[in-house]
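Q: Line by line, the protein sequences give chains V and W.
Note that this note's numbering numbers the first sequence so that position 137 is 141, with each residue one more than the last.
Note that this note's numbering numbers the second sequence so that position 225 is 229, with each residue one more than the last.
There are 2 protein chains.
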Amino acid sequence: MQALIFENELLLKDVPVPEPAAGEVLVKILYSSICNTDLEIIKGYMGFRGVLGHEFVGRVITESHPLRGKTVVGEINCSCGKCYLCLSSRRTHCTNRLVTGIDGHQGVFAGFISLPAENLHIVPDSIPGPVAVFTEPLAAAVEIFEQLHMKPSKPVFIFGAGKLGMLVSMVARLQGFDYTTFDLIPEKTVFARSLGLNAKSLKELLPGEKAEVCIDCTGNAEGIKLALKHLWPRGTLVLKTTVADTAKPDLNSIVINEFTILGSRCGLFKPALNLLERNLVDPSPLISGEFAFTDILKAFESAKNPLNHKIIINHQL
Amino acid sequence: MQALIFENELLLKDVPVPEPAAGEVLVKILYSSICNTDLEIIKGYMGFRGVLGHEFVGRVITESHPLRGKTVVGEINCSCGKCYLCLSSRRTHCTNRLVTGIDGHQGVFAGFISLPAENLHIVPDSIPGPVAVFTEPLAAAVEIFEQLHMKPSKPVFIFGAGKLGMLVSMVARLQGFDYTTFDLIPEKTVFARSLGLNAKSLKELLPGEKAEVCIDCTGNAEGIKLALKHLWPRGTLVLKTTVADTAKPDLNSIVINEFTILGSRCGLFKPALNLLERNLVDPSPLISGEFAFTDILKAFESAKNPLNHKIIINHQL
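#1: Give the residues of chain V in contact with V259 (chain W), contact being defined as C-beta atoms less than 8 Å apart.
#2: By DSSP's criteria, G62 (chain W) is part of a beta bridge. Which residues make up the other side?
#3: Our contact map puts P24 (chain V) next to T75 (chain V) with C-beta atoms below 8 Å; I'd like the distance itself, whole angstroms only.
#4: Tell me the rounded alpha-carbon separation between R95 (chain V) and R101 (chain V).
#5: Closer than 8 Å by beta-carbon distance: list the chain V residues that pair up with T1 (chain W), in chain order.
#6: Looking at chain W, is there any beta carbon in it that lies within less than 9 Å of the beta carbon of P237 (chain V)?
#7: Put L241 (chain W) into one of helix, strand or coil per three-state DSSP.
#8: Please classify D42 (chain W): is it buried, with 16 or more other beta-carbons within 10 angstroms of its beta-carbon, or exposed?
#9: At which residue ranges does the segment 137 to 207 of chain V contain complete alpha helix (DSSP H) runs of 4 or more residues, listed in the order of the chain?
#10: What alpha helix (DSSP H) runs, 4 residues minimum, are completely inside the segment 268 to 292 of chain W?
#11: Alpha carbon to alpha carbon, what distance is there between A136 (chain W) and A143 (chain W)?
#12: At a Cβ cut of 7 Å, what residues of the segment 85 to 100 of chain W count as close to chain V, listed as they run along the chain?
#13: Just to make sure I have the definition right: I need the residues of chain V whose C-beta is within less than 8 Å of the C-beta of I65 (chain W). Which are they?
#14: Between which two residues does the beta strand (DSSP E) containing K86 (chain V) stretch?
#15: Against chain W, which members of the segment 115 to 139 of chain V pass a CB distance test of less than 9 Å?
#16: Return yes when the Cβ of I315 (chain W) is within less than 9 Å of the Cβ of Y35 (chain W), no when it is not.
#17: For I228 (chain W), I'd like the list of residues in its chain whose CB is within less than 8 Å of its CB, leaving aside the five on either flank, ordered along the chain.
#18: When you compare the CB of P211 (chain W) with every CB in chain V, is at least one pair closer than 9 Å?
#19: What's the call for E28 (chain V), buried or exposed, on a 16-neighbour Cβ count within 10 Å?
#20: May I ask you to list, following chain order, the residues of the segment 204 to 231 of chain V that have a beta carbon less than 7 Å from some beta carbon of chain W?
#21: Mind checking which residues open and close the alpha helix (DSSP H) that includes S118 (chain W)?
#22: Anyone know if the C-beta pair for I148 (chain W) and G267 (chain V) falls short of 9 Å?
#23: What do you get for Y183 (chain V), buried or exposed, if any count of 16 or more other CB atoms within 10 angstroms of its CB means buried?
#24: Please list, in chain order, the chain W residues whose beta carbon lies closer than 9 Å to that of Q151 (chain V).
#25: Go through its chain and collect everything with a Cβ distance to V285 (chain W)'s Cβ below 6 Å, but skip five positions before and after it.
#26: For I33 (chain W), which residues of its own chain have a beta-carbon under 7 Å away from its beta-carbon, when the five flanking residues on both sides are left out?
#27: Distance check for C218 (chain V) and S83 (chain W), CA to CA, integer angstroms please.
#28: Between L124 (chain V) and L71 (chain V), is the Cβ-Cβ spacing less than 9 Å?
#29: Less than 9 Å between the beta carbons of L230 (chain W) and F163 (chain W), yes or no?
#30: When you compare only the Cα positions, how much space is there between H58 (chain V) and L16 (chain V)?
#31: Which residue marks the beginning of the beta strand (DSSP E) containing L230 (chain V), and which one marks its end?
#32: Do L277 (chain V) and V127 (chain V) have their C-beta atoms within less than 9 Å of each other?
#33: Relative to the alpha-carbon of E150 (chain W), which residue among W:L272, W:L206, W:G293, W:L14 has its alpha-carbon at the smallest distance?
#34: Please report the distance separating the alpha-carbon of V160 (chain W) from that of I45 (chain W).
#35: Would D187 (chain V) pass as a contact of G169 (chain V) if the rule is Cβ separation under 9 Å?
#36: Does any CB atom of chain W fall closer than 9 Å to the CB of Y35 (chain V)?
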């Protein structure tokens, strides 16, 4: 099968179809999409080498498996189920975990992927493939609400109207609180407002304006420092950004203001699928382009454009 | 009155007795003590200039005030009572606050101090003066338990067996969880164990040993990095350290491990006074020396010795 390999550079290569291990099933990839983490990996983040990609929707093709023929999405953390972390509701932090396309497990920018059956979720028929591919990043947005009790009466600022910032804003919109999504790039705030989101230019954010919760989805170090400046004392800064170039905030301000800094990563798929199925979140306007898998290198160039949101790869073309 | 002033250097000077403003009462200082924050201030932290000191026990001398003649301790944050933060149970973060001996308000290394009557707490007769002077730092230790729900079944690591680390350990001991207090200096862990605390040398801490909550009381940047290495994913690092030389942890590890970093500062006095009155915490073994106020410069030299814990100033000698 053809696969997109990262080995210091991105290469389309012919590699063997993976052999499912015990408990795994083989999935034919229908759609995949490019995440900022993929863009960070090709800058050196995680030191990953191999088949890239972790956002996908596919069809199970393993014969004799109950899931055969089903359209599925897959959680990206492959866990042991036995360690302290697995046994304390922290499977995504399993000490022995492999992470699809990020750490030690083949990714989804390929014809097929083999994954533990327990990682798969059946996609309801009402969710089109290019929408289902948003399950993974939407789950990462919902993870914030899984981790943090955000009170409906308190203001929330979301920094960054990129791929993840838009999904977080779409989920935040469903709550009662005042939320505002900030971005420096005027086209992005105009676009966010066109989707009914409460988006503003960062230039409109006054020095004294603060929120109970700030969520950093900027993907850069400066965004994190800015978010801390607009947090009420005892407020919480949610960090969603992992970057190859790491940011380092001033710890004294964290102590003096008794801030909470909360790191947030992958989420569980079920609540994200619920939001998509109920049509409470419609990510389809975030699709900025669709490329055939054979054009995936062009797709990556397109994904690097900061004005683009999600770039989808159609593996069936 | 004589007062210890910090103006680039420490000086004992003659200054006028303060005039109580509306709502304030005049307090004669009986005992005061030296905190690490005082030592950081004289290295440049907070850019403070004026009468230093914030830990004290005193006697109200304002005539015709209901507190007259009472022995009191005083909360250090002087708040407006009207701002958003005061009105949302965050008086210690009041946007208009002045902080005794730290930010804009005269400190306690003097003959007298004028403080808002609402900041004062009557000291029960059963608590001796040199013990009551621990109310402020003990309240800072109790603040951790006010902010964070620490589950009795989970392990807790406390880094640093200095003044604050010992008080935090004494409070932690009262809970059901396994706690361990670590320090690099053998004399400090031996001393902590002699008080019945579960203290170990940092050298005994294995690379894979981790806890649900790590509390940094080391007062230095390296301690914070070390504490993060010994935290379970989704665990909480409580930061107690404010240092002139600020530490900067790696944010990627916070996101990947979904750590919570919780800044923690001043606490409320009532629960600390309760612990002292009930004799559940006895800080008296932490008194490493007592100096007359006229010898306060010698007291500061003694406080700089890392093997010393609390240095008490007796203003009545």
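Every residue, glycine too, gets a C-beta built ideally from N, C-alpha and C.
A: Walking through what the data contain:
#1: Numbered from its first residue, the second sequence carries residue 259 (chain W) at position 255. Ordered by position in chain V, the residues that pass the 8 Å Cβ test against V259 (chain W) are L243, K244, T245, T246, G267, S268, R269.
#2: Within the second sequence, numbered from 1, the residue matching residue 62 (chain W) stands at position 58. W:I33, W:V76.
#3: Walking along the first sequence from the start, residue 24 (chain V) turns up at place 20. Walking along the first sequence from the start, residue 75 (chain V) turns up at place 71. In fact, because the Cβ distance is near 18 Å, the residues do not count as touching under 8 Å.
#4: Stepping through the first sequence from its first residue, residue 95 (chain V) is reached at position 91. Stepping through the first sequence from its first residue, residue 101 (chain V) is reached at position 97. Each residue's Cα considered, the two are about 8 Å apart.
#5: In the structure as shown, chain W begins at 5 and stops at 321. Residue 1 (chain W) is therefore absent and cannot be evaluated.
#6: Numbered from 1 along the first sequence, position 233 holds the residue referred to as residue 237 (chain V). Answer yes: the Cβ-Cβ gap between P237 (chain V) and chain W drops below 9 Å somewhere.
#7: On the second sequence, residue 241 (chain W) is found 237 positions in, with the first residue counted as 1. Three-state result, L241 (chain W): strand.
#8: Against the second sequence, residue 42 (chain W) aligns to sequence position 38. Classification for D42 (chain W): buried.
#9: Here the runs fully enclosed are 139 to 151, 167 to 176, 190 to 198.
#10: 273 to 281
#11: Here residue 143 (chain W) is taken as the residue at index 139 of the second sequence, counted from 1. Here residue 136 (chain W) is taken as the residue at index 132 of the second sequence, counted from 1. Distance between the alpha carbons of A143 (chain W) and A136 (chain W) is about 11 Å.
#12: Residues passing the 7 Å Cβ filter: L89, R94, H97.
#13: Within the second sequence, numbered from 1, the residue matching residue 65 (chain W) stands at position 61. Chain V residues near I65 (chain W): none, gap ~32 Å exceeds 8 Å.
#14: As a working note, residue 86 (chain V) is residue 82 in the first sequence. Element bounds for K86 (chain V): n/a, residue is neither H nor E.
#15: none
#16: Against the second sequence, residue 35 (chain W) aligns to sequence position 31. Against the second sequence, residue 315 (chain W) aligns to sequence position 311. The answer is no: Cβ separation not under 9 Å.
#17: Along the second sequence, one-based indexing puts residue 228 (chain W) at 224. Excluding residues within five positions, the ones whose Cβ falls inside 8 Å are D220, T222, L241, L243, T245, A251, P253.
#18: For the purposes of this step, residue 211 (chain W) is taken as residue 207 along the second sequence, with counting starting at 1. Chain V places no beta carbon closer than 9 Å to that of P211 (chain W), leaving this residue out of the contacts.
#19: Translated into positions along the first sequence, residue 28 (chain V) becomes position 24. By the neighbour-count rule (16 or more Cβ atoms within 10 Å), E28 (chain V) is buried.
#20: The segment 204 to 231 of chain V vs chain W, Cβ under 7 Å: I228.
#21: As a working note, residue 118 (chain W) is residue 114 in the second sequence. Where S118 (chain W) is concerned, there is no enclosing alpha helix (DSSP H), although the beta strand (DSSP E) it sits in stretches over 116 to 120.
#22: Residue mapping note: residue 148 (chain W) aligns to position 144 of the second sequence, counting from 1. Residue mapping note: residue 267 (chain V) aligns to position 263 of the first sequence, counting from 1. No; because the gap between Cβ atoms is not below 9 Å, this pair is not in contact.
#23: By 1-based counting over the first sequence, the position of residue 183 (chain V) is 179. Classification for Y183 (chain V): buried.
#24: Here residue 151 (chain V) is taken as the residue at index 147 of the first sequence, counted from 1. Going along chain W in sequence order, the residues near Q151 (chain V) (Cβ under 9 Å) are R238, E262, T264.
#25: Along the second sequence, read from residue 1 onward, the residue named residue 285 (chain W) stands at position 281. So the qualifying residues of the chain are M174, L279.
#26: In the second sequence, the residue the question calls residue 33 (chain W) occupies position 29. Cβ within range, chain order: F60, G62, V112, A114, G115, F116, I117, H319.
#27: Translated into positions along the second sequence, residue 83 (chain W) becomes position 79. Translated into positions along the first sequence, residue 218 (chain V) becomes position 214. Approximately 25 Å, taken between the alpha carbons.
#28: Residue numbering aside, residue 124 (chain V) sits at position 120 when the first sequence is read from its first letter. Residue numbering aside, residue 71 (chain V) sits at position 67 when the first sequence is read from its first letter. Yes, Cβ-Cβ distance for L124 (chain V) and L71 (chain V) is below 9 Å.
#29: Within the second sequence, the letter at position 226 stands for residue 230 (chain W). Within the second sequence, the letter at position 159 stands for residue 163 (chain W). Going by C-beta atoms, L230 (chain W) is nearer than 9 Å to F163 (chain W).
#30: Stepping through the first sequence from its first residue, residue 58 (chain V) is reached at position 54. Stepping through the first sequence from its first residue, residue 16 (chain V) is reached at position 12. Answer to the nearest angstrom: the Cα atoms are 16 Å apart.
#31: As a working note, residue 230 (chain V) is residue 226 in the first sequence. Careful: L230 (chain V) lies outside any beta strand (DSSP E), inside the alpha helix (DSSP H) at 225 to 233.
#32: For the purposes of this step, residue 277 (chain V) is taken as the residue at position 273 of the first sequence. For the purposes of this step, residue 127 (chain V) is taken as the residue at position 123 of the first sequence. Yes, they are a contact pair.
#33: Start at 1 with the first residue of the second sequence, and residue 150 (chain W) comes out as number 146. Answer by Cα proximity: W:L272.
#34: Residue 160 (chain W) sits at position 156 when you count from the first residue of the second sequence. Residue 45 (chain W) sits at position 41 when you count from the first residue of the second sequence. Rounded to whole angstroms, V160 (chain W) to I45 (chain W) spans 30 Å at the Cα level.
#35: In the first sequence, the residue the question calls residue 187 (chain V) occupies position 183. In the first sequence, the residue the question calls residue 169 (chain V) occupies position 165. Yes.
#36: Mapped onto the first sequence, residue 35 (chain V) falls at position 31. Y35 (chain V) does not count as touching chain W.
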